[in-house]
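Here's the structure, in structure tokens; my notes come after.
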Amino acid sequence: MLILLPLLIPLATALLTALLYRQVMGRRVVSLFGAGCFLVCAILLLIDVERVGRLSVALGSWPLPYGIEFAADRLSAALVLISAVLGVAVLWHQTSAADPAPETPLLHPLIHGLLAAVSAAFLTADLFNLYVWFELMLIAALGLLVHGGEPRQLEAAFKYLALNMVGTLLFLAAVAFIYGATGQLNFTALSAAARRPELAAALPVYVTLLVLAFLLKAGAFPLFAWLPASYHTLPAPVLALFGGLLTKVGVYALLRLLGQVFDAAPDLLFEGLGWLALLTMLTGGLGAVYHWDLRRILAFHIVSQIGYLLLGIALASAAGAAATLFFTLHNILAKANLFLIAGLIWALAGHYDLRRIGGLYLARPGLALLFLVVAFSLVGAPPSSGFWSKFLLVRETFVQEHYVWGGVALAVSLLTLYSMVKIWLEAFWKPHPEGPDSVVSVANLAPAYAAALLLAVLTLAMGFMPEPWVRYVEAASYGFMDSQQAAL
Amino acid sequence: MSLILALAIALTVAAGVYLALSRDLFRCIVGLAVLGSAVNLVVFAAGRFGPIQPPIVSAGAEKLAEHAANPLPQALVLTAIVISFALLCFSLVLGARLRQQSGSDDSNQLRNAEPLPADPVKPPVLD
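Sequences listed follow chains A and B, in order. By our numbering, the letter at position 139 of the first sequence is numbered 463, and the numbering carries on one by one without gaps. By our numbering, the letter at position 44 of the second sequence is numbered 114, and the numbering carries on one by one without gaps.
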């Protein structure tokens, strides 16, 4: 039962907040309380998984592989927990004056709907069910994109919709082909069926179609156009939620399906994925270099970071999967936090464009320090969570003698550093273009600071105490790659 | 039978892709909907089809007849139809609102979110 709670609690909260469409305060309280319950449940789930190894429940007591199975192993439990942490931080930030989303009656139901879809996608062990959660995620995300109602947001929503629909249709077609070939949808049953020798010719084609769909959802080169075209129109807390979670679900699906279910996929697929990962890193980094709007810079960095996550999957080893999981946890925290801090910068300096702001170091040294810690963590300066993520990843590329992959991954860090230094110099260091008094005092920023600080403390904990985290991700990846380990 | 269905799906995909590549918002939406129908046919084709028995266990029998249809793809396709219908409705309303607010349904004219740069080096300021 515990395994279904991370899905049921956000759904129930979405329903309750929808019913409270007349009471603004009531909605806020229920919403925060629901997020708190979600967090507690996610912690309990993680503890249970740590004790038992793998929890599983088949809905309606149908015997497997016919029932729809929900399963939590270490990989799923960690990602559900980090989503819950992010949900709390984002809803906390939303109560401040740092670029909050307009409090329409639909805001909280949509946010909780998104959280429910994300955590269910992490927990499901059924391919078609995964498709349904991806669709729910798409619908909730579209609702959040348009609910401000500005022409710019509607336009962004249309681009997001058109490209993500294509991804969804590719996904559905791949599910149909895979079901037609194997007769299974359950992950465990699929994994066994995928080894049947008579499928060796056809199945890689279907799996490639599936991978293509997830690459689009994850925002990988050359299918990421929807991401930088839409994300910058969102208000800061929603942007943090999108930037932290949505693309990572695509990465998780790739990790789960290529690492566990179809781990017998041909080497060419992984090799191609590796090169795509490098191009993703590079194009994301270069896009960020061009832009001057904080949100657009950070949106392109999401793409760049997706490249690193994909590289870990392309290495097709337990150590690579561990690196991807560690990197994902680090990236969700750091990336979302940078968006939350961008909201604070907007509130204090008055604009998102770096050419219109400045002087924040003098006016708000605390905020400057907070930004610096998170930015350097994203770049990967030691000893930060980003450093350990890149260390695990690049070490594995060198172990597998993919020196070019490792080299490019390290070189792209310089592009990230360039962007972060640009933000530092323009937003914090140079004087404000409209005079030193242009950094205004804003009432009610405390919740935004608190949310950013919460995520920053977790990032620092990952950086200064990496051992428990590394031990956990290694246990997680060896856990779900055990079939591969047995074959070696 | 399989060949006819395959050809029908191919034709539908071609029509959908052609429409979806249009610059006109509504053609694009209709194209995606047509593409969705083609994919639904693919899902349907994942089961057995043709002149076979409905998947109902007849009275007194313990299991399905040997040549019964596979009910699972039908359930899957029903789910997919419901979801794609919801998305189609959403996208039509979105398209109508966009046209109303921006005065154009040509995607080249819709440049509020990403205005074209005037400067060759620096991007425009979004306000």
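Just so you know, even glycine gets a beta-carbon here, dropped at the ideal spot from N, CA and C. None of these values were measured; they are calculated from a predicted model.
Quiz item: If you drop the 5 nearest sequence neighbours on each side, which residues of the same chain put their C-beta closer than 7 angstroms to that of G411 of chain A?
Solution: Sequence-distant Cβ neighbours of G411 of chain A in its own chain, meaning closer than 7 angstroms and more than five residues away, are A359, F362 and L439.
Quiz item: Excluding the five sequence neighbours on either side, which residues of its own chain have a C-beta within less than 7 angstroms of the C-beta of V797 of chain A, listed in chain order?
Solution: Beyond the five residues adjoining it in sequence on each side, V797 of chain A comes within less than 7 angstroms, by CB distance, of A646, L649 and F650 in the same chain, given in chain order.
Quiz item: For S807 of chain A, does the three-state DSSP call read helix, strand or coil?
Solution: With a pLDDT of 49 at S807 of chain A, under the threshold of 50, the predicted position of this residue should be treated as unreliable, and no value is reported.
Self-check item: Helix, strand or coil at E393 of chain A according to DSSP, with G and I counted as helix
Solution: Three-state result, E393 of chain A: strand.
Quiz item: When you compare only the Cα positions, how much space is there between L581 of chain A and M349 of chain A?
Solution: C-alpha separation (whole angstroms): 42 angstroms.
Practice problem: Could you please give the first and the last residue of the uninterrupted beta strand (DSSP E) stretch that includes L379 of chain A? | Solution: Taken as a continuous stretch (DSSP letters only), the beta strand (DSSP E) holding L379 of chain A covers L379 to A382.
Self-check item: Three-state secondary structure assigned by DSSP to N510 of chain A
Solution: In this structure, N510 of chain A counts as strand in the three-state DSSP scheme.
Exercise. Pick helix, strand or coil for T448 of chain A, following the three-state DSSP scheme.
Key: In the structure shown, T448 of chain A sits in a strand (DSSP, three-state: E or B).
Quiz item: What is the rounded straight-line gap between the Cα of L91 of chain B and the Cα of G391 of chain A?
Solution: The straight-line gap from Cα to Cα measures roughly 39 angstroms.
Quiz item: By the criterion of Cβ-Cβ separation under 7 angstroms, what are the contact partners of R167 of chain B in chain A?
Solution: Going along chain A in sequence order, the residues near R167 of chain B (Cβ under 7 angstroms) are L478.
Quiz item: In terms of alpha-carbon separation, which member of A:V490, A:K483, A:D591 and A:K572 lies closest to V531 of chain A?
Solution: Among A:V490, A:K483, A:D591 and A:K572, the Cα nearest to that of V531 of chain A is on A:D591.
Quiz item: Using a Cβ-Cβ distance under 7 angstroms, would D450 of chain A count as near chain B?
Solution: Interface annotation, D450 of chain A: not in contact with chain B, CB-CB separation never under 7 angstroms.
Quiz item: Pick from A:I502, A:M325 and A:V381: whose alpha carbon is nearest that of A525 of chain A?
Solution: Checking every option, the nearest Cα to that of A525 of chain A belongs to A:I502.
Quiz item: With C-beta atoms as the reference, is L657 of chain A less than 7 angstroms away from T492 of chain A?
Solution: The beta carbons of L657 of chain A and T492 of chain A sit no closer together than 7 angstroms.
Self-check item: Sequence-distant residues of its chain with Cβ nearer than 6 angstroms to A811 of chain A (five each side left out)
Solution: Residue confidence is low: A811 of chain A scores 43 on pLDDT, short of 50, so the model does not pin down where it sits. Its coordinate-derived value is still stated next. Hits under 6 angstroms: none found.
Self-check item: Nearest residue (CA-CA) to V529 of chain A, options A:G473, A:T652, A:L593 and A:G631
Solution: Out of A:G473, A:T652, A:L593 and A:G631, A:L593 has the C-alpha closest to the C-alpha of V529 of chain A.
Quiz item: Cβ of A553 of chain A versus every heavy atom of the ligand ADP: is any distance shorter than 6 angstroms?
Solution: Only the bare structure without any ligand can be found here, which leaves the ligand ADP out of the picture.
Practice problem: Report yes or no: is there a C-beta of chain A within less than 7 angstroms of the C-beta of I122 of chain B? | Solution: Not one beta carbon of chain A lies nearer than 7 angstroms to the beta carbon of I122 of chain B.
Exercise. Could you please tell me which residues of the stretch 454-470 of chain A, in chain order, have their CB closer than 9 angstroms to any CB of chain B?
Key: Along the stretch 454-470 of chain A, the positions whose C-beta sits under 9 angstroms from a C-beta of chain B are Y455, V456, E459, L460, L462, I463, L466, G467 and V470, read in chain order.
Quiz item: DSSP beta-bridge partners for A138 of chain B?
Solution: In the DSSP output, where bridge partners are listed per residue, A138 of chain B has B:Q123.
Exercise. Compare the C-alpha of A150 of chain B against each of A:L447, A:A445 and A:L460 and name the closest.
Key: Measuring C-alpha to C-alpha distances from A150 of chain B to each of A:L447, A:A445 and A:L460 identifies A:L460 as the nearest.
Self-check item: Beta-carbon neighbours of S174 of chain B, restricted to chain A and to distances below 8 angstroms
Solution: What S174 of chain B touches in chain A, judged by beta-carbon distance under 8 angstroms, is nothing: the nearest beta carbon there is about 11 angstroms away.
Practice problem: Determine the contact status of H432 of chain A and A772 of chain A, defining contact as a CB-CB distance below 7 angstroms. | Solution: Taking the C-beta atoms as reference points, A772 of chain A is found no nearer than 7 angstroms to H432 of chain A.
Self-check item: Listed by chain order, chain A residues near F160 of chain B by CB distance under 7 angstroms
Solution: By Cβ distance, chain A contributes L466.
Quiz item: How many Å lie between R619 of chain A and Y676 of chain A at the Cα?
Solution: Computed Cα separation, rounded: 7 angstroms.
Practice problem: Between the Cα of V354 of chain A and those of A:T341, A:F548 and A:A775, spot the shortest distance and give me the residue it belongs to. | Solution: If we check each option's Cα against that of V354 of chain A, A:T341 comes out closest.
Quiz item: Comparing alpha-carbon positions, which option in A:L335, A:A612 and A:G710 lies nearest L678 of chain A?
Solution: For the residues A:L335, A:A612 and A:G710, the minimum Cα distance to L678 of chain A belongs to A:A612.
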